[in-house]
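Q: Submitted below is the structure of interest, expressed as structure tokens.
2 protein chains.
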Amino acid sequence: MEKNKRIVLAKRPEGLPDESIFRLEECEFPRISEGLVLVKGVYFSVDPYMRGRMIERRSYIPPFSLNETISGGVVAEVIESRSGTFQAGDYVTGMLPWQIYSLGDPRFLRKVDAKAAPVSTALGVLGLTGLTAYFGMLDIGRPVPGETAVVSGAAGAVGMVAGQIARIRGSRAVGIAGSAAKVDYILNELGFDAAIDYKKTDDIGPDLDRACPDGVDVYFDNVGGGISDEVIQRINDNARIPLCGQISLYNATDVPMGPRLQPVLLTRSALMQGFIISNYADRFQEGIGQLAAWMKEGRIKYAETIIDGFENLPRAFLGLFSGENLGKLLVRAF
Amino acid sequence: MEKNKRIVLAKRPEGLPDESIFRLEECEFPRISEGLVLVKGVYFSVDPYMRGRMIERRSYIPPFSLNETISGGVVAEVIESRSGTFQAGDYVTGMLPWQIYSLGDPRFLRKVDAKAAPVSTALGVLGLTGLTAYFGMLDIGRPVPGETAVVSGAAGAVGMVAGQIARIRGSRAVGIAGSAAKVDYILNELGFDAAIDYKKTDDIGPDLDRACPDGVDVYFDNVGGGISDEVIQRINDNARIPLCGQISLYNATDVPMGPRLQPVLLTRSALMQGFIISNYADRFQEGIGQLAAWMKEGRIKYAETIIDGFENLPRAFLGLFSGENLGKLLVRAF
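Chains as they are written, first to last, in the numbering used here: chain A, 1 to 334; chain B, 1001 to 1334.
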């Protein structure tokens, strides 16, 4: 029988995490019982929101426990099934442990059609990141023709889909990203109308002025901090700001301070709305159906950064904070 | 013929304004022409938003010009009419100059029924401040039975109506105000469920914890700054924050800084929405009708602070920033 491995939270991070917060362990091979499936992880998703689960605080999802296995989005292959829902060879996705072999409860897993699209997309453009872009942009951002939608983290898994959806809705899409290669990708592969490399300047204000001559109607915010301050200073009346992520603040050790935003929101009748994707659980089918249709039509493209080797999960996660990924960051375990 | 007087903006304020920004002048008695009405100001409204119009900046309403007459909400008596719309003796309200006698265009004035309620209410509970509370609380705050609605500036013209509307909708109303008398008034006259005197403490956190044991579902914000930071730390999932005013920041000379709020809005799926009352112009009749009905039923009460003497308008305006008023602050000129 194959050995089993898992990755546990060894200690809670303070500030920027390093590999010492994780521990790779051997563990028992799970014993299947009636009603469950034995699965082998194939693609493991690493996502910025997981940083929040590593500390003890009030949030929309409970914190990871110390010395317990990390869990997250996984695409897995069914090895053995004691459930009528799935059979061996099926691909499934859901929240599963960072562990090679594990048991899954079919009620919390969804089948992935390996013929329709690469199974990895179930964690990205056709999974939670695509859905996050879809509902955040359409339900909160609500871009309309002729408007300008700015997306930060625009070369990330959520941001690149959010910007493309704004363009589908007839808005100009302006992306902010952190390298020349990312800017090139979102401009030339994805068709963003303008893109700004925030690492090339100390002050993105003038770049924003050039990229958004008519101001900003939608700001899809993945990053927070000083970049967002600059964008928000440029919003138009009745602007909408979906708050999707604040990655620039996730490793802060003090309470992050910044200019107060209420005066600009007030004088411009602007809306700022936090959201989490589980708010939209009853509309996931709609979202995935529409995203898949747009992909077929060539109107939504996506990128993945895939790192091979289960044991590289910690390093992959840490890479999120230095912006190493273009699009969805995944670890492949087979 | 009586002499005429006006108050002009003598200079633009920096920081906390003083009387030197205003100048009381004699001016010509207006000559009426066809289609207009000659009116005499009776009640002049002083409002925090006017501070914003005294400086040159982008906002929802153009700045006052230097050495030109200030304008604002006024209830006036028609002295002479050359219009079929009004006749001498009618009371009207609208945006008019800070000037004893002036000319009005009937298209921009509304008749005030002096038999239905004191005419001063057309500037307060049955005017723009009541409407601001009505739409901000009902359209953005949307309190429901069992929720907790916190109102800052709760003894001001907008805040006291906002809190009472939350109670009409079945929420607990918690008011924050700046004196023992104000706290007493909103608790014992208006029926707020709890009230906090923010001037009695350096840290309203513990008071808020006691007043809001189940957290905060609606925060109707009139003041901004540190008080708002404390309230917003206590919001529940899906909280709504109508941004009505930020009076604590209006006299700031530097960009006001504070803790970044996006992380708490994000993790609690909360909404923050700036608004100005003119967004709701097509629903004013609905709002005034409902507010008048609630007043008749005794469910909405109001307070006014009236200062006599046209020449006291500058002093009255400055008093807004030291919180001298209970309820609507008006200057009576007759």
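The beta carbon of each residue, even a glycine, is placed where N, CA and C say it ideally should be. Every value quoted in this text rests on a predicted model; they were computed, and no experiment measured them.
1) May I ask you to report which of helix, strand or coil DSSP gives L1103/B?
2) Between the alpha carbons of A1180/B and Q1164/B, how many angstroms are there, rounded?
3) How many whole angstroms separate the CB atoms of M1095/B and S1071/B, which I take to be in contact at a CB cut-off of 8 Å?
4) Work out the CA separation of A211/A and Y198/A for me, nearest whole Å.
5) Look at R1107/B and M1137/B and say whether their C-beta atoms are less than 9 Å apart.
6) Under a three-way DSSP split, which group does G1141/B fall into?
7) Can you name the start and end residues of the alpha helix (DSSP H) that Q1262/B belongs to?
8) I'd like to know if the segment 151–158 of chain A and the segment 244–264 of chain A are in contact, where contact means that at least 3 CB-CB pairs between them fall below 8 Å.
9) Quick one: residues in its chain with C-beta nearer than 6 Å to the C-beta of I1007/B, no 5 flanking neighbours on either side, listed in chain order?
10) Alpha carbon to alpha carbon, how far is L38/A from R332/A? Give it in angstroms, no decimals.
11) One question on the structure: do R1240/B and R1142/B come within less than 9 Å of each other, judged by their Cβ atoms?
12) Determine the contact status of V46/A and Y91/A, defining contact as a CB-CB distance below 9 Å.
13) Mind checking the segment 1269–1300 of chain B against chain A and listing, in chain order, the residues whose C-beta falls within less than 7 Å of any C-beta there?
14) What would DSSP say about A1181/B, mapped onto helix, strand or coil?
15) From this set, L291/A, S322/A, K328/A, I288/A, which residue's C-alpha is nearest I306/A's C-alpha?
16) For chain A, check one thing: does any of its Cβ atoms lie closer than 9 Å to the Cβ of T1267/B?
17) Among the residues of its own chain, which have a CB less than 6 Å from the CB of A270/A, if the five just before and after it don't count?
18) Which bits of chain D does Y60/A rub up against, with CB to CB less than 8 Å?
19) Spell out a yes or no on whether the segment 1120–1132 of chain B and the segment 1277–1286 of chain B are touching, meaning 3 or more CB-CB pairs, one atom from each, closer than 8 Å.
20) Using 10 angstroms around the beta-carbon of A1316/B, count the other beta-carbons present and answer buried if the total reaches 16, otherwise exposed.
21) Alpha carbon to alpha carbon, how far is K1040/B from G1084/B?
22) With 9 Å as the limit, tell me which residues of the segment 32–56 of chain A have their beta carbon closer than that to any beta carbon of chain B; keep them in chain order.
23) Mark D207/A as exposed unless 16 or more other C-beta atoms lie within 10 angstroms of its C-beta, in which case mark it buried.
24) With burial defined as no fewer than 16 other Cβ atoms inside 10 Å of the residue's Cβ, what is the status of A1133/B: buried or exposed?
25) Check whether chain B comes within 9 Å of R23/A, counting only Cβ atoms and requiring the distance to be less than that.
26) Would you say F1167/B reaches chain A, if we count a Cβ-Cβ gap shorter than 9 Å as a contact?
27) Candidates D1237/B, L1261/B, V1144/B, V1119/B: which alpha carbon is nearest G1225/B's?
28) In three-state terms, what does DSSP make of M54/A?
29) Could you pull out every residue in the same chain whose Cβ sits closer than 6 Å to the Cβ of G1153/B, ignoring the five residues on either side in sequence?
30) Using a beta-carbon distance below 9 Å, is G156/A in contact with chain B?
31) Residues of chain B with CB closer than 7 Å to the CB of V255/A, please, in chain order.
32) For a cutoff of 9 Å on Cβ pairs, would you count C212/A as touching chain B?
33) Give a yes or no on whether 9 Å exceeds the smallest Cβ distance from L1243/B to chain A.
34) Would you give the residue range spanned by the beta strand (DSSP E) that A149/A belongs to?
35) Name, in chain order, the residues that DSSP records as bridge partners for G1258/B.
A: Looking at the coordinates:
1) Within the second sequence, numbered from 1, the residue matching residue 1103/B stands at position 103. Strand, per DSSP.
2) Sequence index remark: in the second sequence, residue 1180/B carries index 180 (1-based). Sequence index remark: in the second sequence, residue 1164/B carries index 164 (1-based). Looking at the two C-alpha atoms, the distance is approximately 19 Å.
3) Position 95 of the second sequence, counted from the first residue, corresponds to residue 1095/B. Position 71 of the second sequence, counted from the first residue, corresponds to residue 1071/B. M1095/B to S1071/B, Cβ: 6 Å. Contact.
4) The sequence position of residue 198/A within the first sequence is 198, counting from 1. The sequence position of residue 211/A within the first sequence is 211, counting from 1. For Y198/A and A211/A, the distance between alpha carbons rounds to 13 Å.
5) In the second sequence, the residue the question calls residue 1107/B occupies position 107. In the second sequence, the residue the question calls residue 1137/B occupies position 137. For R1107/B and M1137/B, no; Cβs fall outside 9 Å.
6) Here residue 1141/B is taken as the residue at index 141 of the second sequence, counted from 1. Reduced to three states, the DSSP call for G1141/B is helix.
7) Position 262 of the second sequence, counted from the first residue, corresponds to residue 1262/B. Segment 1262–1267, the alpha helix (DSSP H) holding Q1262/B.
8) yes
9) Taking the first residue of the second sequence as position 1, residue 1007/B is located at position 7. If we look at I1007/B and ignore the five residues flanking it on each side, its Cβ neighbours are F1022, L1024, I1070, W1098, L1313.
10) In the first sequence, residue 332/A corresponds to position 332, counting from 1. In the first sequence, residue 38/A corresponds to position 38, counting from 1. The alpha-carbon atoms of R332/A and L38/A are separated by roughly 18 Å.
11) The count along the second sequence starts at 1 and reaches residue 1240/B at position 240. The count along the second sequence starts at 1 and reaches residue 1142/B at position 142. Contact: yes.
12) One-based indexing of the first sequence puts residue 46/A at position 46. One-based indexing of the first sequence puts residue 91/A at position 91. Not in contact: V46/A and Y91/A (Cβ atoms no closer than 9 Å).
13) S1269, A1270, L1271, M1272, Q1273, G1274, F1275, I1276, N1279
14) By 1-based counting over the second sequence, the position of residue 1181/B is 181. It is helical.
15) As a first step, residue 306/A is located in the first sequence; it is residue number 306 there, counting from the start. That would be K328/A, whose Cα lies nearest to the Cα of I306/A.
16) Locating residue 1267/B in the second sequence gives position 267, where the first residue counts as 1. So, interface residue.
17) If you number the first sequence from 1, residue 270/A lands on position 270. I235, A239, listed in sequence order.
18) In the structure shown, chain D does not exist; the protein chains are A and B.
19) yes
20) Numbered from its first residue, the second sequence carries residue 1316/B at position 316. The residue in question, A1316/B, is buried, as its Cβ has 16 or more Cβ neighbours within 10 Å.
21) Residue numbering aside, residue 1040/B sits at position 40 when the second sequence is read from its first letter. Residue numbering aside, residue 1084/B sits at position 84 when the second sequence is read from its first letter. Cα-Cα distance, rounded: 18 Å.
22) G52
23) Against the first sequence, residue 207/A aligns to sequence position 207. Under this definition D207/A is a buried residue.
24) Looking up residue 1133/B in the second sequence gives position 133. Classification for A1133/B: buried.
25) On the first sequence, residue 23/A is found 23 positions in, with the first residue counted as 1. With 9 Å as the cut-off, R23/A does not count as an interface residue toward chain B.
26) The residue you call residue 1167/B lines up with position 167 of the second sequence. The sequence shown places Arg at residue 1167/B, rather than the Phe named in the question. Taking Cβ atoms only, chain A never reaches closer than 9 Å to R1167/B, which makes this a no.
27) Locating residue 1225/B in the second sequence gives position 225, counting from the first residue. Ranking the options by Cα distance to G1225/B, first place goes to L1261/B.
28) On the first sequence, position 54 is the one that residue 54/A refers to. Three-state result, M54/A: coil.
29) As a working note, residue 1153/B is residue 153 in the second sequence. Closer than 6 Å at the Cβ level, and outside the excluded window around G1153/B, lie G1159, N1222, V1223.
30) On the first sequence, residue 156/A is found 156 positions in, with the first residue counted as 1. Judged by the 9 Å Cβ criterion, G156/A is not in contact with chain B.
31) Counting from one through the first sequence, the residue named residue 255/A turns up at place 255. P1259, listed in chain order.
32) In the first sequence, the residue the question calls residue 212/A occupies position 212. By this cut-off, C212/A is not an interface position.
33) In the second sequence, residue 1243/B corresponds to position 243, counting from 1. Yes, contact with chain A.
34) The residue given as residue 149/A occupies position 149 in the first sequence. Element bounds for A149/A: 148–152.
35) Within the second sequence, the letter at position 258 stands for residue 1258/B. In DSSP, G1258/B forms a bridge with G258/A.
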